[in-house]
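Numbering (this note's numbering), first residue to last: 7 to 433.
The beta-carbon is built from N, C-alpha and C at its ideal position, and this holds for glycine as well.
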Amino acid sequence: MKSGSKPHKGRRRKARPPRRTTRPQFLTVAALLVVASLVGGYLVLNRSADTAPTASSAGSGDKGATKKEPVWDGKTKIIGDGSTSYTGPQKGRLKPVRLKKGEKPPQFVVFSWDGALAGDDNLFEHYRQMAKKYDAHMTFFLTGIYLLPKEKRDLYDPPQHERGAAAISYPTDEHVRTTLAELGKAWKEGNEIGTHFNGHFCGKKGGADWSVAEWKQEIKEFNSFLANWKTNTGDTDLDPLPFTVDAVKGGRAPCLEGQGNLLKAVKDFGYRYDASSPGAFQVWPGKKNGIWDFPLQMLPYDDDYQALSMDFNFLYNQTDGQTEGDPAMYPTWQQETIDTYMAGFNRVYYGSRAPLLIGNHFEQWNGGIYMNAVDEVIKTVCVKKDVKCVSFDELADWMDVQSPETLANLRGLDPAQAPADWATVVK
7 MKSGSKPHKG RRRKARPPRR TTRPQFLTVA ALLVVASLVG GYLVLNRSAD TAPTASSAGS
67 GDKGATKKEP VWDGKTKIIG DGSTSYTGPQ KGRLKPVRLK KGEKPPQFVV FSWDGALAGD
127 DNLFEHYRQM AKKYDAHMTF FLTGIYLLPK EKRDLYDPPQ HERGAAAISY PTDEHVRTTL
187 AELGKAWKEG NEIGTHFNGH FCGKKGGADW SVAEWKQEIK EFNSFLANWK TNTGDTDLDP
247 LPFTVDAVKG GRAPCLEGQG NLLKAVKDFG YRYDASSPGA FQVWPGKKNG IWDFPLQMLP
307 YDDDYQALSM DFNFLYNQTD GQTEGDPAMY PTWQQETIDT YMAGFNRVYY GSRAPLLIGN
367 HFEQWNGGIY MNAVDEVIKT VCVKKDVKCV SFDELADWMD VQSPETLANL RGLDPAQAPA
427 DWATVVK
């Protein structure tokens, strides 16, 4: 399958599941469980609801009146201990416009990153620069404890686990500082900062076992780490982040677990979307519990089955989760990954125009082939006609201004289904 080949037809009701199971959810979760235990340490070393918490409460989760973007007087407002600040509306955001009758939708592509630690690999900076070069915005899902020094780990009180526990390593002090620097630059450049929550717990006592109240607890912990990093680190000489806790509008749960109760919890925090679904067909998104549901997607891996749109799943299919496979196979595996992303892109670009949603991590598994694959896809798709590489928050903005009838019609299209007349779909 070549990147420029004829788009895979991929009719929704005939799409095949991943080869290892008849349930796409199982492949995703299994891959996450296997690899998370292998590489947790490596990752360190190298929202329709409009209610929002006040900055002073660091996202307490208390329900309140709907908040609108405040009128900005042009002056930076330092919040709390100086960890965050309000610097006005984010610059360079996509301006959402309702489609005119018969207008073909843009082809949205979202590149998102779980964890968002600025480690020794410099991948956070690399993808910021890629976004700037190719006129893209991305979503960086921050893991909250990446702003918490190891010696302060007892400040984290995770659901169903001992205080200070985590399934991943805490960052070095240097990496806390580099992560803060990259977060600030990313936001100023129009990228989104979302949440990957905190302790990355999966399986037993992980997100799937958490109650609504426990998910709220986890979100409050994240908000506290974001709003109080100066107090927690002692790095009072650093500049505040140029955004507040209120700027966080969605997230992705570790191992894609627990979305049911998570969706019930997030409304109190002003979230408007969630990207924790364990996989779905490549169709236009809808809402769950009033929240935009942006899942990983099943993309054509070869003629027999489909793989989910995240690096973990390629790793699991190609090396059974081993992060250092046969180097002789790296070129083949890299091309397989590129071909899969491009087959998914072509299927909707020439078809339904459903958004392509891609999730990854800052990693160097199998010699960095999955990062190389993403680089090639960014270079190829973000420059194409009608393509908009956006953040999840920007995609939610655009979806919000479309008519309900148009959205319903778009969701009725199969991935490769291009209407003969878009006026029958876009009303």
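- Assigned with DSSP and collapsed to three states, residue 109 falls in coil, not helix or strand.
- Between residue 247 and residue 89, the beta carbon gap of about 7 Å places them in contact (Cβ cut-off 8 Å).
- For residue 230, there is no enclosing beta strand (DSSP E); the enclosing alpha helix (DSSP H) has its first and last residue at 218-233.
- Shown here, residue 290 sits in coil according to DSSP, grouped into three states, outside any helix or strand.
- The three-state secondary structure of residue 115, taken from DSSP, is strand.
- For residue 83 and residue 250, the gap between their C-alpha atoms comes out near 10 Å.
- Check the Cα spacing between residue 194 and each of 173, 418, 134 and 225: the tightest is with 134.
- Of 164, 130 and 126, the smallest CA-CA separation from residue 179 is found for 126.
- Measuring C-alpha to C-alpha distances from residue 205 to each of 398, 383 and 121 identifies 121 as the nearest.
- Counting C-beta pairs closer than 8 Å gives three or more between the stretch 343-353 and the stretch 368-387, which meets the contact rule.
- In terms of CA proximity to residue 273, 225 leads the group 225, 176, 327 and 157.
- Annotation: residue 155 is outside any beta strand (DSSP E) and is labelled neither H nor E by DSSP.
- Taking residue 375 as the centre and dropping the five residues before and after it, the same chain places the C-beta of 336, 339 and 340 closer than 6 Å to its C-beta, in chain order.
- Per the Cβ contact rule, the stretch 136-145 is not in contact with the stretch 320-329 (fewer than 3 Cβ pairs under 8 Å).
- By DSSP's assignment, residue 298 forms a beta bridge with 279 and 293.
- Rounded to the nearest whole angstrom, the CA to CA distance from residue 378 to residue 321 is 14 Å.
- With fewer than 16 other Cβ atoms inside 10 Å of its own Cβ, residue 132 counts as exposed.
- With contact defined as three or more Cβ pairs closer than 8 Å, the stretch 90-105 and the stretch 356-375 are not in contact.
- Of the residues assessed, residue 346 falls on the buried side of the cut-off, its CB having 16 or more other CB atoms within 10 angstroms.
- The secondary-structure analysis by DSSP pairs residue 396 across a beta bridge with 116.
- Taking residue 183 as the centre and dropping the five residues before and after it, the same chain places no C-beta closer than 6 Å to its C-beta.
- Inter-segment contact for the stretch 206-214 and the stretch 262-269 is present: three or more beta-carbon pairs are separated by less than 8 Å.
- Taking the Cα positions, residue 244 is about 44 Å away from residue 105.
- Taking C-beta separations shorter than 6 Å and ignoring five residues to either side along the sequence, the partners of residue 392 in its chain run 112 and 113, following chain order.
- Across the set 231, 233 and 151, the C-alpha of 151 shows the shortest separation from the C-alpha of residue 123.
- Exposed is the label assigned to residue 426, since fewer than 16 other Cβ atoms lie within 10 Å of its Cβ.
- In the three-state reduction of the DSSP assignment, residue 200 falls in the strand class, which pools E and B.
- With a contact defined as Cβ atoms closer than 8 Å, residue 400 and residue 99 qualify at about 6 Å.
- Around residue 358, the same chain offers 419, 421 and 423 as residues with beta carbons nearer than 6 Å, after the five sequence neighbours per side are excluded.
- Counting the other Cβ atoms within 10 Å of the Cβ of residue 317 gives 16 or more, which makes it buried.
- Three or more beta-carbon pairs drawn from the stretch 225-240 and the stretch 150-168 are found closer than 8 Å, and the two stretches are therefore classed as touching.
- CA-CA distance, residue 172 to residue 155, rounds to 13 Å.
- When the beta-carbon positions are compared, residue 408 and residue 363 stay at least 7 Å from each other.
- By the Cβ-count criterion, residue 394 is buried, with 16 or more other Cβ atoms from all chains shown falling within 10 Å of its own Cβ.
- Note on the stretch 297-341: whole alpha helix (DSSP H) runs with a minimum of 4 residues are 317-325, in chain order.
- According to DSSP, residue pairing for residue 83 in a beta bridge involves 92.
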